[in-house]
Amino acid sequence: SQTIHQWPATLVQPVGSPLSLECTVEGTSNPNLYWYRQAAGRGLQLLFYSVGIGQISSEVPQNLSASRPQDRQFILSSKKLLLSDSGFYLCAWTRDGVNNSPLHFGNGTRLTVT
Amino acid sequence: GQQVMQIPQYQHVQEGEDFTTYCNSSTTLSNIQWYKQRPGGHPVFLIQLVKSGEVKKQKRLTFQFGEAKKNSSLHITATQTTDVGTYFCAGPGSADSWGKFQFGAGTQVVVTP
Numbered sequence: 006s007q008t009i010h011q012w013p014a015t016l017v018q019p020v021g022s023p024l025s026l027e028c029t030v031e032g033t034s035n036p037n038l039y040w041y042r043q044a045a046g047r048g049l050q051l052l053f054y055s056v057g058i059g060q061i062s063s064e065v066p067q068n069l070s071a072s073r074p075q076d077r078q079f080i081l082s083s084k085k086l087l088l089s090d091s092g093f094y095l096c097a098w099t100r101d102g103v104n105n106s107p108l109h110f111g112n113g114t115r116l117t118v119t
Numbered sequence: 002g003q004q005v006m007q008i009p010q011y012q013h014v015q016e017g018e019d020f021t022t023y024c025n026s027s028t029t030l031s032n033i034q035w036y037k038q039r040p041g042g043h044p045v046f047l048i049q050l051v052k053s054g055e056v057k058k059q060k061r062l063t064f065q066f067g068e069a070k071k072n073s074s075l076h077i078t079a080t081q082t083t084d085v086g087t088y089f090c091a092g093p094g095s096a097d098s099w100g101k102f103q104f105g106a107g108t109q110v111v112v113t114p
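Here's what the structure looks like:
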């Protein structure tokens, strides 16, 4: 069966510090991968998605970036965090080639920028 | 572009009562998905509707896809405290944004015992 791992679960970082969140998927190959952000009590904002290694589509211009160094690894980064980067970050995957395939989310990382 | 609107934003329900949340799209959808996010948790896929007028049930949850495939509803009967959470609907991306999803803003459900 497929599983998705996301870490860390919680993170407190000062303004201006770097960020690296990692997500890996097991049990499937060539998944579509996504990074979403959710502000407290709000909806899901798509940040990045990837249909393959090295292929990243950015949805929201900001100080965040994403990389996909391996087929089942997706990394969210920032060189300098802003207060507005606080939120709940969710990694998700779907099956490649199936437009109706549902999203499977990781447990999320709760980031607080102080 | 395509937009998915969801109402109501908040729903306070007395335990045992029924309620419905609605999802409306500005364009025809090939399918619609519903997710549930418990407080402090991550969204979990509930169901997908594909056919016009389709109705699916999961125990006390009834999901419906409109005839025009532009709206959907989730009806919960005899609400229980386990139904607490936020329910999201999501439509597929447009032809030029394959693989993306258009999420509604969600309906946050609070159940009063």
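Residue numbers (my numbering), protein chains in the order written: chain A, 6 to 119; chain B, 2 to 114.
In this text, a Cβ means the ideal position worked out from N, Cα and C, and glycines have one as well.
Please read all numbers here as calculations on a predicted model, not as lab measurements.
Using 7 Å as the threshold, is the C-beta distance between B/Gln38 and B/Gly86 below it? The residue you call residue 38 of chain B lines up with position 37 of the second sequence. The residue you call residue 86 of chain B lines up with position 85 of the second sequence. Against a cut-off of 7 Å, the Cβ pair of B/Gly86 and B/Gln38 comes out as a contact.
Per DSSP, the bridge partner or partners of B/Pro44: In the second sequence, the residue the question calls residue 44 of chain B occupies position 43. Residue pairing from DSSP places B/Pro44 in a beta bridge opposite B/Gln38.
CB B/His76 to CB B/Thr63, shorter than 7 Å? Your numbering for residue 76 of chain B matches position 75 in the second sequence. Your numbering for residue 63 of chain B matches position 62 in the second sequence. Result yes, Cβ atoms of B/His76 and B/Thr63 sit closer than 7 Å.
In chain B, which residues lie with their C-beta within 7 Å of the C-beta of A/Pro107? The sequence position of residue 107 of chain A within the first sequence is 102, counting from 1. What A/Pro107 touches in chain B, judged by beta-carbon distance under 7 Å, is Gln34, Phe46 and Gln49, going in chain order.
Please report the residue range of the beta strand (DSSP E) in which A/Pro74 lies. Working through the first sequence from its first residue, we reach residue 74 of chain A at position 69. Element bounds for A/Pro74: Leu69 to Gln75.
Rank A/Leu108, A/Leu86 and A/Phe79 by C-alpha distance to the C-alpha of A/Gln11 and give the top, closest one. Locating residue 11 of chain A in the first sequence gives position 6, counting from the first residue. For A/Gln11, the nearest C-alpha among the options comes from A/Phe79.
Going along chain B in order, which residues have a C-beta closer than 8 Å to the C-beta of A/Phe53? For the purposes of this step, residue 53 of chain A is taken as residue 48 along the first sequence, with counting starting at 1. Per Cβ cutoff of 8 Å: no residues; A/Phe53 is ~11 Å from chain B at best.
Contact under 7 Å by Cβ, A/Gly82 with A/Ser70: Position 77 of the first sequence holds residue 82 of chain A. Position 65 of the first sequence holds residue 70 of chain A. It is Ser, not Gly, that sits at residue 82 of chain A in the sequence shown. For A/Ser82 and A/Ser70, yes; Cβs fall inside 7 Å.
Decide if B/Asp84 is buried, meaning its Cβ has at least 16 other Cβ atoms within 10 Å, or exposed. As a working note, residue 84 of chain B is residue 83 in the second sequence. If you draw a 10 Å sphere on the C-beta of B/Asp84, you find 16 or more other C-beta atoms in it, and that means buried.
Between B/Gly107 and chain A, is there a C-beta pair that is closer than 7 Å? As a first step, residue 107 of chain B is located in the second sequence; it is residue number 106 there, counting from the start. Interface residue (Cβ-Cβ distance to chain A less than 7 Å): B/Gly107 is classified as such.
Is any beta-carbon of chain D found at less than 7 Å from that of B/Phe64? Any reference to chain D falls outside this structure, whose protein chains are A and B.
Shortest alpha-carbon distance to B/Ser27 belongs to which of B/Gly105, B/Gln109, B/Pro40 and B/Val111? Numbered from its first residue, the second sequence carries residue 27 of chain B at position 26. Looking at the Cα atoms, B/Gly105 is the closest of the given residues.
Roughly how many angstroms separate the alpha carbons of A/Gln50 and A/Phe110, rounded to a whole number? One-based indexing of the first sequence puts residue 50 of chain A at position 45. One-based indexing of the first sequence puts residue 110 of chain A at position 105. Whole-angstrom Cα-Cα distance: 14 Å.
Do we get a CB-CB distance below 7 Å when we pair B/Phe20 with the residues of chain A? The count along the second sequence starts at 1 and reaches residue 20 of chain B at position 19. Taking Cβ atoms only, chain A never reaches closer than 7 Å to B/Phe20, which makes this a no.
Measuring alpha carbon to alpha carbon, tell me which of B/Pro114, B/Tyr23 and B/Gly17 ends up nearest B/Thr78. Here residue 78 of chain B is taken as the residue at index 77 of the second sequence, counted from 1. When only C-alpha atoms are compared, the closest one is B/Gly17.
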